[in-house]
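One structure below.
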Amino acid sequence: MNQTRPGPVQYAVLTVLAIAFLYPIWWAVSSSFKPAAEIITSPLSLGGPTLDNYRAMLADVPIGTGFANTALVLAVKGAMTMFFCPLAGYAFAKYAFPGKNLLFGVVLLTLMLPTLVLIIPLLLEMSALGWVNTYQALILPGSIDAFSIFWMRQTIAAIPDELIDAGRVDGAGEFAIFARVVLPVIRPGLAALAVLTTMNVYNDVVWPVVAVNDTEHQTLQVVLATLAQNITGNRIGADFATVWGELLAAGSLALLPLLAIFVLLQRHFINGILAGSVKG
């Protein structure tokens, strides 16, 4: 099938859109290296590069604690998602058992529930278990979510049944078939799920704010959400420009991990998105 290459008009439109999306990020990062006063007085100028905003922010805000807590939550919660959700998706895609369609429908129905509806029941559950202000409260809720199960089910459904039957004929066990036959085929889908899971956990702020109210367990996004209060509380007479300078510095640091992950996995992420969007 012949593929039509984009013409000059399409390239021009894409270039304009790329600039429109990337310019705010470039402005925020470049402004974080400007003196705080110049951010307000000359927002479009480059100014003289300085690390004052970063030094002040590191002194005023426990951003290192936020990074460490987020890394811990992401590692454990991400591992649980990447282990259990493909298994559930495999069961829904390739096994026949009573009530499968009904159970899968219930899983999909949970996607329609807004997050705010679940917060109070989850908080009451965490309180009953004594898990408020603990890492368990940050990690366990949502670690096995409906979207990830649905994503894996759609990805695994495209695998020909003949491959799985061939593994059974060779005498492989069910988990061995999953590990040696299914996982190598769905690597693009797994990479896409890894990126999406990382973004969801890394950017989550609503549940961590509710589940944790001490500084010891605050994730990065909670630290960023309360950053202005921390700056003004730790520094007497902090003005508007100072707050903005440190906000931009903290936001620029927070951007780096996600940017690095996406750059490293962008090819697999795009392939996974395309593969997951087609049902076999």
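Start counting the sequence shown at 1; every next residue gets the next number (the UniProt record's numbering).
Beta carbons are placed, not taken as given, at the ideal position from N, Cα and C, and that holds for glycine.
C-alpha gap between residue i and residue j, whole angstroms
i      : j      : result
Ile261 : Val73  : 16 Å
Ala250 : Ile164 : 49 Å
Leu46  : Gly245 : 14 Å
Pro160 : Leu113 : 33 Å
Ala79  : Ala71  : 12 Å
Ala68  : Gly7   : 47 Å
Leu17  : Gln10  : 11 Å
Leu51  : Asn203 : 25 Å
Gln266 : Leu253 : 20 Å
Other residues of its chain near residue i: CB distance less than 6 Å, five sequence neighbours each side excluded
i     : result
Lys77 : Ile139, Ser143 and Val201
Phe84 : Ile144
Proximal residues to residue i (C-beta, below 8 Å), its chain only, five neighbours per side dropped
i      : result
Leu108 : Ala146 and Phe150
Leu199 : Contrary to the premise, residue 199 reads as Met rather than Leu in this sequence. Excluding sequence neighbours, Met199 sits near Leu258.
Thr115 : Val206 and Trp207
Candidates the options: closest to residue i by CA position
i      : options                           : result
Pro43  : Glu125, Leu190 and Trp27          : Trp27
Gly66  : Ile270, Val212, Leu248 and Val243 : Val212
Pro188 : Ala128, Leu264, Glu174 and Ser127 : Leu264
Simplified DSSP assignment, three categories, for residue i
i      : result
Gly48  : coil
Ser42  : coil
Ser143 : coil
Asp165 : helix
Pro62  : coil
Ala18  : helix
Tyr90  : helix
Phe97  : coil
Arg55  : helix
Val212 : coil
Pro35  : coil
Gln154 : helix
Ala172 : coil
Val195 : helix
Pro188 : helix
Cut-off 7 Å between Cβ atoms - residues of its own chain near residue i, not counting five sequence neighbours on either side
i      : result
Ala93  : Arg153, Ile156 and Ala157
Trp131 : Ala137
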